[in-house]
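Residue numbers (this note's numbering): 362 to 756.
Heads up, the beta-carbon is just placed ideally off N, CA and C, and yes, glycines get one too.
Step one of this worksheet: look at the structure below.
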């Protein structure tokens with residue numbers, strides 16, 4: 362019974378992971394601003410989460426390849442790290458506590474490396490793309506409920522309430538994940554040579570760099586200056602902030618689950634390129650100056666992320682041998698965590714120096730540029746024959 366329930370328990374843990382992280386998502390910018398810090402400091406604080414992800418996910422992936430049948434303990438440790446992360450801001454009122462909290466959040470969230478690959482191992486290889494996309498969609502499932510609930514809790518009971526609730530949930534999730542029974546490990550996962558060499562897959566690094574650009578844009582805007590812009594320019598409350606993020610993330614989930622079918626019909630490269638174009642347009646429309654347009658821009662950003670995240674994650678580990686799959690996922694997630702780090706920091710200081718509108722235009726331009734570069738590389742402008750390029754475009 363536990364073996365049959367294990368994939369479902371893992372999905373519940375994936376839901377709780379992102380619910381925990383983003384229950385305070387709409388609160389962080391307001392919480393930091395109320396302490397008198399400017400946009401640059403906020404970007405630095407938000408960016409430390411991505412920095413911790415960047416540093417932690419490579420070793421987490423490497424250890425998960427080694428700790429066969431014991432990966433649930435890595436996930437449980439991640440939840441305990443999150444519990445400590447969210448206990449710090451209410452207990453210690455200082456700038457350093459904010460930085461340490463964001464670092465621990467990043468380390469705890471790094472357990473998604475183990476969750477994403479471990480979930481796909483419960484299914485046959487032919488279902489690898491679909492199962493990876495399902496796991497990626499839980500980046501959104503948790504946020505759909507977390508952001509509006511977090512905003513409502515902050516408005517109704519105080520800014521610290523979401524932090525305390527996440528502590529309790531994180532401890533419960535750390536216990537729950539210990540009940541899963543991991544799938545049997547293939548013999549290749551026990552081969553020591555698979556743990557030494559970096560994966561020799563250009564696909565992995567192309568997908569990782571593209572995803573880094575996507576998250577650079579999303580974390581620069583949706584989780585950072587879009588919230589400040591909405592508060593300072595449009596007078597939006599915490600509850601409405603939560604609803605805005607819920608619109609973006611709800612659309613992301615639906616589109617992400619649909620993306621494998623779209624990829625089968627039109628080819629992954631075309632779908633991902635379209636996603637980058639839509640994402641860029643959504644960001645460019647953000648500073649138009651009214652709430653209705655802000656909802657539209659969040660919707661477009663959700664579509665863009667949905668068309669890119671799951672497919673890029675699935676493509677990044679296709680063709681990777683079993684003994685390196687967790688490490689490859691660690692490389693992928695660590696690379697895009699670099700985008701999570703640089704996005705808020707860059708956007709915060711650019712907005713402080715040149716204003717919100719210029720920042721949105723700059724970020725949107727970079728996304729559109731990344732879309733053109735991705736399609737050009739996949740089309741074989743720099744490597745491979747025309748037949749190989751045609752196969753990549755239709756795959």
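State the Cα-Cα distance for the pair residue 434 and residue 652, rounded to the nearest angstrom.
44 Å
Excluding the five sequence neighbours on either side, which residues of its own chain have a C-beta within less than 7 Å of the C-beta of residue 620, listed in chain order?
494, 632, 667, 668, 671 and 672
Below 8 Å on the Cβ atoms is my contact criterion, and I expect residue 331 with residue 701 to pass it. Report the Cβ-Cβ distance as a whole number of Å.
Shown here, the chain extends from 362 to 756; a query on residue 331 therefore has no answer.
Taking only the alpha-carbon atoms, compute the straight-line gap between residue 523 and residue 423 and give it to the nearest angstrom.
33 Å
Are three or more beta carbon pairs between the region 468-479 and the region 584-596 nearer than 8 Å?
no
For residue 718 and residue 648, the rounded distance between their alpha carbons
6 Å
Cβ-based burial, residue 555 [other Cβ within 10 Å; buried from 16]:
A caution first: residue 555 carries a pLDDT of 46, below 50, which makes its placement in the model unreliable, though a value can still be read off. Classification for residue 555: buried.
Given 8 Å, three or more beta-carbon pairs between the region 412-426 and the region 529-547
no
Kindly give me the distance between the Cβ atoms of residue 567 and residue 678, rounded to whole angstroms, as I take these residues to be in contact under 8 Å.
Incorrect: roughly 13 Å between the Cβ atoms, too far for contact.
Leaving out the 5 sequence neighbours to the left and right, which residues in its chain are closer than 7 Å to residue 464 when beta-carbon positions are compared?
409 and 413
Quick check on residue 743: does DSSP put it in helix, strand or coil?
Any reading at residue 743 needs caution, since the residue's pLDDT is 47, under 50, leaving its predicted position unreliable; the model's value is listed next. The answer is coil: DSSP assigns residue 743 none of H, G, I, E or B.
Less than 8 Å between the C-beta atoms of residue 693 and residue 503, yes or no?
no
Go through its chain and collect everything with a Cβ distance to residue 525's Cβ below 7 Å, but skip five positions before and after it.
451
Pop quiz: residue 497 and residue 477 are said to be a contact at Cβ under 8 Å. What is the actual Cβ separation, rounded to whole angstroms?
7 Å
What do you reckon, are the CB atoms on residue 460 and residue 531 nearer than 8 Å?
no
Reduced DSSP secondary structure (H/G/I, E/B, other) of residue 364
helix
Span of the alpha helix (DSSP H) holding residue 652?
652-678
Who are the Cβ neighbours of residue 664 in its own chain at under 6 Å, not counting the five residues just before and after it?
612, 616 and 639
Do you know offhand how far residue 595's Cα is from residue 577's?
24 Å
Give the DSSP-derived three-state secondary structure of residue 579 in the structure shown.
helix
Among the residues of its own chain, which have a CB less than 8 Å from the CB of residue 548, if the five just before and after it don't count?
Residue confidence for residue 548 is low, a pLDDT of 45 falling below 50, so the modelled location carries little weight; the figure read from the coordinates is stated next. Correct list: empty, nothing qualifies.
Measure the C-alpha to C-alpha separation of residue 421 and residue 480 and round it to an integer number of angstroms.
16 Å
Going by CA-CA distance only, name the one from 637, 582, 726 and 690 that's closest to residue 708.
582
Give the secondary structure of residue 625 by DSSP, where H, G and I count as helix, E and B as strand, and everything else as coil.
helix
Between the alpha carbons of residue 519 and residue 604, how many angstroms are there, rounded?
18 Å
Nearest-angstrom Cα distance between residue 575 and residue 637?
7 Å
Measure the Cβ-Cβ separation of residue 580 and residue 704 and say whether it is below 8 Å.
yes
Within this structure, are the beta carbons of residue 728 and residue 644 separated by less than 8 Å?
yes
Give the secondary structure of residue 561 by DSSP, where H, G and I count as helix, E and B as strand, and everything else as coil.
coil
Through-space distance from residue 509 to residue 602, alpha-carbon basis:
8 Å
Apart from the five residues just before and just after residue 506, which ones in its own chain have a Cβ nearer than 7 Å to its Cβ?
380
Going by DSSP in three states, residue 686 sits in which element: helix, strand or coil?
helix
Please list the terminal residues of the continuous alpha helix (DSSP H) segment that includes residue 649.
Counting along the chain, residue 649 falls outside any alpha helix (DSSP H), and DSSP gives it neither H nor E.
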